[in-house]
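Here's the structure, in structure tokens; my notes come after.
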Amino acid sequence: MKATDILSAEHRVIERVLNSLERATNRLENGQAVRPEFFLSAVDFIRGFADGCHHRKEEGVLFKHMEAQGMPVQGSPLGVMLSEHELGRQYTRELLSAAQGMQSGEQGANQRAIQSARGYVALLRQHIFKEDKILFPLADHIIPAEKHDSVWEGFEHVEHAETGEGVHEKYLTVAQALEDEVI
Numbered sequence: 015m016k017a018t019d020i021l022s023a024e025h026r027v028i029e030r031v032l033n034s035l036e037r038a039t040n041r042l043e044n045g046q047a048v049r050p051e052f053f054l055s056a057v058d059f060i061r062g063f064a065d066g067c068h069h070r071k072e073e074g075v076l077f078k079h080m081e082a083q084g085m086p087v088q089g090s091p092l093g094v095m096l097s098e099h100e101l102g103r104q105y106t107r108e109l110l111s112a113a114q115g116m117q118s119g120e121q122g123a124n125q126r127a128i129q130s131a132r133g134y135v136a137l138l139r140q141h142i143f144k145e146d147k148i149l150f151p152l153a154d155h156i157i158p159a160e161k162h163d164s165v166w167e168g169f170e171h172v173e174h175a176e177t178g179e180g181v182h183e184k185y186l187t188v189a190q191a192l193e194d195e196v197i
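Residues 15 to 197, numbered by the working numbering, are exactly what the sequence shown covers, in order.
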């Protein structure tokens with residue numbers, strides 16, 4: 015198994031949350047009640063798993079190895095991915111603000127939640143597609159086989175030392191809870 019297979023597997027978990035977020039957003043848009051805490055839990059997942067663990071592995075480990083093999087950040091897929099990660103963080107901040115507004119009964123908060131959730135879901139779906147189909151095969155090609163253990167070790171360091179023991183498992187549970195709520 016290649017190190018990029020780990021990232022692809024994490025994409026499948028993120029896609030489960032994207033599907034749940036989209037279902038909740040559709041319900042809210044159709045006038046059905048959706049707990050603000052659903053969106054707050056989605057933000058927690060995004061920040062803790064998608065950004066805090068997954069993107070950290072990409073930015074701090076995989077992309078660094080790709081750069082070391084001569085891939086520039088500017089004008090390359092790496093620059094695009096980094097830019098999209100930042101745009102995802104912006105959508106997440108907007109979703110957090112909207113969910114907090116929903117909790118306090120702020121007028122227009124539901125619409126802001128719908129817009130930010132839809133923007134995030136659309137962004138991440140195309141982002142994941144580009145990574146799975148373009149960036150990861152490129153990484154597998156340009157990172158020499160003898161460096162793959164180093165990528166694995168970097169991923170392990172992020173998952174256990176930087177984000178903490180049990181974090182991955184915690185967010186798998188959050189993903190399941192989000193799915194269960196909108197079935």
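The beta carbon of each residue, even a glycine, is placed where N, CA and C say it ideally should be.
Counting every other CB atom within 10 Å of its CB across the protein chains shown gives isoleucine 148 a total below 16, marking it as exposed. Here lysine 147 carries a helix assignment [DSSP, helix/strand/coil]. Here the alpha carbon of glutamine 121 sits roughly 30 angstroms from the alpha carbon of isoleucine 28. Residue nearest to alanine 123 within the set Arg30, Met15, Thr39, Glu183 is Thr39 (criterion: CA-CA distance). Assigned with DSSP and collapsed to three states, arginine 61 falls in helix.
The alpha-carbon of arginine 139 is positioned some 8 angstroms away from that of leucine 32. Ranked by Cα distance from proline 91, the first of Gln46, His171, Ala153, Ser34 is Ala153. In the DSSP assignment, isoleucine 197 falls outside any alpha helix (DSSP H), carrying neither H nor E. For histidine 68, no alpha helix (DSSP H) encloses it, and the DSSP letter there is neither H nor E. Selection His68, Gln46, Leu21 evaluated against threonine 177 yields His68 as nearest (Cα-Cα). Its Cα nearest to that of glutamate 145, the residue Phe77 stands out among Arg132, Gly133, Gln46, Phe77. Judged by DSSP secondary structure, glycine 89 falls outside any alpha helix (DSSP H); it is assigned neither H nor E.
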